[in-house]
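S.K.: Numbering (this note's numbering), first residue to last: 91 to 286.
We treat Cβ as the ideally placed atom computed from N, Cα and C, and that holds for glycine.
Source: prediction; values computed, not measured.
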Amino acid sequence: MTGVATLPGHSPLPRALVVRNVVLYEIGWLATALGAAGHHAWLGLAVTVPIVALHLVAARDPAREAQLLVAVTLLGAGFDAALTACGWIAFRDPGFVPGLQPWWMIALWLQFATTLNVSLRWLRGHAFWAAALAALGGPLAYWGGERIGAVDLAAPGQAVTALALGWPVVILAALALSRRFDGFVHAPVRSGRSSA
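1) Sort E155, Q157, F169 and I179 by Cα distance to V259 and report the nearest one.
2) Do G228 and I196 have their C-beta atoms closer together than 9 angstroms?
3) Please report the distance separating the alpha-carbon of G247 from that of A180.
4) Using three-state DSSP, classify R283 as helix, strand or coil.
5) What did DSSP end up calling A180 once you bin it into helix, strand or coil?
6) Look at the alpha carbon of G128 and the alpha carbon of L198, and state the distance between them as a whole number of angstroms.
7) Pull up the DSSP beta-bridge partners for V241, would you.
8) For Q157, which residues in the same chain have their Cβ closer than 6 angstroms to its Cβ, ignoring the five residues on either side in sequence?
9) Leaving out the 5 sequence neighbours to the left and right, which residues in its chain are closer than 7 angstroms to L173 when beta-carbon positions are compared?
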């Protein structure tokens with residue numbers, strides 16, 4: 091395997107782990123966003139719980155990995171809360187408590203956090219590419235959410251600008267957290283175990 095999911099001095103993650111991580115993230119994103127768009131926000135939680143559980147079971151250090159998931163989820167939810175407070179984005183299924191982040195959006199951040207030490211691990215050594223991909227991918231993800239009916243870009247110009255500028259900061263911070271809380275680097279992978 092190439093160094094896509096490798097850190098210097100450590101053996102690469104098995105390709106099956108990386109592929110599974112990508113597939114589960116994509117399934118999770120679609121199920122969560124489509125569920126919210128169809129007023130079935132519970133679907134986000136229903137898919138997130140097994141994705142996160144499989145991810146933690148596969149981690150070499152589940153407690154350390156869990157710290158990453160919590161930290162990145164708080165970081166992402168805080169960023170979204172700022173955009174919501176500015177009136178630039180609005181969630182069509184706001185959840186149980188108006189004004190707070192809907193739990194289906196928190197589920198998306200949890201799912202995203204599972205990729206940082208697995209399929210997005212290669213971005214750690216490539217800050218420029220991480221920032222560039224985030225500047226493009228962040229707005230595209232929210233635009234995709236709007237197209238399927240999960241989110242509104244209430245002030246499109248400001249929202250896209252904030253996403254294009256803010257997502258690189260969020261991603262670089264998340265990657266720094268993934269280096270600190272890496273549950274996939276401290277012990278050899280046991281056969282038969284893989285990451286979500």
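M.R.: Answer, in terms of the structure:
1) Among E155, Q157, F169 and I179, the Cα nearest to that of V259 is on F169.
2) In this structure, I196 does not lie closer than 9 angstroms to G228 by Cβ.
3) One C-alpha to the other measures close to 14 angstroms.
4) Because the pLDDT of R283 is 49, which lies under 50, any placement of that residue in the model is unreliable, and the number read from its coordinates should be weighed accordingly. In the displayed model, R283 falls within coil according to three-state DSSP, outside both helix and strand.
5) Three-state DSSP puts A180 in a strand.
6) Spanning the alpha carbons of G128 and L198 requires a straight line of approximately 16 angstroms.
7) In the DSSP output, where bridge partners are listed per residue, V241 has F181.
8) The answer, listed in chain order, is F271.
9) In its chain, beyond the 5 residues on either side, I179, A249 and A252 have a beta carbon closer than 7 angstroms to the beta carbon of L173.
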